[in-house]
Amino acid sequence: MQTLIALMPQGIVGHIVFAMVLTVLLHLTRPVYLAFRRQKTGYGVVFNSVTGLPMDLVTVRLIDEHGQTVSSAVSDKHGRYRIAARPGEFTVDVAKQGYTFPSQYLKKHSTVYANILPTARIRVKDYGIITKNIPIDPAAAGRSKVFGVRIALGKNTQYLLAYLSPFVVIAYPLIRGGILPWILYGLYLGALLVRLLTFKPGKPAFGTITDAETERPVSQAVVRIFDAKFNKLKETQVTAGTGRYAFVVSPGAYYVLIHKPGYKRVRLNFPDIKREGFTLTYDVKLKRLPMPVARTNIDTQAPAAPTQNIAYGDMG
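Residues are numbered in my numbering as their position in the sequence shown, beginning at 1, plus a constant of 3.
Right under this line is the structure:
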């Protein structure tokens, strides 16, 4: 090994070490970057805790304190799943033959995924889509001690490292000079730039109902979703102080009715949902009804609140 290093051109060893340092920096800050993107897309990922690969056809169920399944989903070929949850405490049941959950290998951190679900118990504070990434262990797979050693940095440390590293590592090309160090540094900046450009605000994992005048969240608004073909009620949610709601649906036609006393009713029409696990999480502004005028004794029945219809087209 020493002979091989001696035969290398002068300075090349330093360049190799510099390239390795840049690669490690990108690797250490990758979990927080992936967590940001996945949270903004409104889904979680089920993955193999040993290989880090996404797992398909995994059944994820949300079970309440009475042992009833309140929501379920099956992961797609990319390991993605979506589960709409109401406020409360639940048990997460994850089932795939040959695998176990909760993971004994990964508790809170992963070098591939962040926002890990370490236990089967979960507390949901408001309506929305669960975006926890779920590690599952191969039931009969061995694991060497080498794989058990993982470097996991905190979220704030990863942010700090990502922001400061370009100003620190530039010292090497400034001191050593030459074209190769600057090329490596340029590639590193390019990778950071790609990450920066993809840090775009995405669709949140919930819809928010607000007052059209004050733009404040509306609490105690009743949100119902119906199967449009059979005119059948599928689910009812009542917004909390944040005004949030969320539905996950299968392919088909649906409509959502939103009602709050003192406001116009709103109907959202979704005539053509084509994707499995599609999320209906649209922000809605409720318009207040005009103040009622004094009525005579003959006019004893209040008029029905008008309904505002909003139609959505092909939701592929």
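Beta carbons are placed, not taken as given, at the ideal position from N, Cα and C, and that holds for glycine.
If you're wondering where the values come from, they're calculated on a predicted model, not measured in any experiment.
Those residues which DSSP pairs with residue i across a bridge
i	result
Ile-182	DSSP lists no partner for Ile-182.
Ser-52	Looking at the DSSP assignment, Ser-52 forms no beta bridge with any residue, so it has no partner.
Ile-133	In DSSP, Ile-133 forms no bridge with anything.
His-262	Val-225
Leu-236	Phe-229
Lys-288	Thr-213
Ile-125	Phe-93
Val-27	Per DSSP, none; premise fails for Val-27.
Ile-119	Asn-136
For residue i, three-class secondary structure by DSSP
i	result
Val-20	helix
Pro-169	helix
Ala-194	helix
Val-73	strand
Gly-101	coil
Tyr-189	The residue asked about is misnamed: residue 189 is Gly in this sequence, not Tyr. The answer is helix: DSSP assigns Gly-189 an H, G or I state.
Ala-142	coil
Gly-151	Confidence at Gly-151 is low in this model, with a pLDDT of 46, below 50, so its placement is unreliable and no value can be given for it.
Ile-15	helix
Phe-174	Going by the sequence as given, residue 174 is Ala instead of Phe. Residue state, collapsed to three classes: helix.
Leu-164	helix
Thr-282	strand
Val-61	coil
Option nearest residue i by Cα separation, candidates the options
i	options	result
Arg-3	Lys-80, Ser-78, Gly-70	Not covered by the structure: residue 3. The range shown for the chain is 4 to 319.
Lys-277	Ile-261, His-81, Gly-255	Gly-255
Val-287	Val-252, Phe-281, Val-226, Thr-26	Val-226
Ile-228	Asp-214, Phe-273, Val-73, Leu-192	Phe-273
Gln-223	Leu-177, Leu-289, Gly-189, Ala-231	Leu-289
Val-27	Val-172, Asp-214, Glu-68	Val-172
Gly-47	Arg-198, Ile-133, Arg-219	Ile-133
Asn-51	Thr-211, Ile-119, Leu-187, Phe-93	Ile-119
Val-73	Gly-82, Ile-261, Asp-59, Tyr-130	Tyr-130
Ala-98	Lys-135, Ala-87, Ile-139, Thr-245	Ile-139
Ser-78	Val-63, Lys-263, Ala-174, Glu-238	Val-63
Gln-107	Val-127, Glu-92, Ile-137, Lys-80	Ile-137
Pro-105	Lys-135, Val-127, Arg-83	Lys-135
Pro-220	Lys-263, Leu-199, Arg-198, Pro-184	Lys-263
Pro-293	Arg-270, Pro-184, Trp-185, Tyr-266	Tyr-266
Val-24	Asp-67, Gly-82, Pro-169	Pro-169
Asp-67	Asp-96, Arg-270, Leu-271, Ala-174	Asp-96
Thr-282	Thr-242, Asp-275, Ala-87, Leu-167	Ala-87
His-81	Gly-101, Pro-57, Tyr-102	Pro-57
Pair within 9 Å by beta-carbon distance, residue i and residue j
i	j	result
Gln-240	Arg-89	yes
Leu-65	Tyr-191	no
Pro-121	Val-53	no
Gly-17	Arg-179	yes
Arg-291	Ala-231	no
Pro-176	Leu-164	no
Val-49	Glu-92	no
Gly-280	Ala-143	no
Gly-210	Tyr-248	yes
Thr-284	Ala-194	no
Lys-235	Phe-250	no
Residue burial classification, residue i (beta-carbon count within 10 angstroms, cutoff 16)
i	result
Val-252	buried
Gly-244	exposed
Ile-212	buried
Thr-217	exposed
Val-149	Residue confidence is low: Val-149 scores 41 on pLDDT, short of 50, so the model does not pin down where it sits. Its coordinate-derived value is still stated next. By the 10 Å Cβ count, Val-149 comes out exposed.
Leu-109	buried
Leu-60	exposed
Asn-181	For the sequence presented, residue 181 should be read as Gly rather than Asn. With fewer than 16 other Cβ atoms within 10 Å, it is exposed.
Leu-3	A question about residue 3 goes unanswered here, because the residues of the chain that appear run from 4 up to 319.
Ile-261	buried
Minimum Cβ-Cβ distance from residue i to chain C less than 9 Å
i	result
Arg-247	Among the protein chains of the structure shown there is no chain C, as only one such chain exists.
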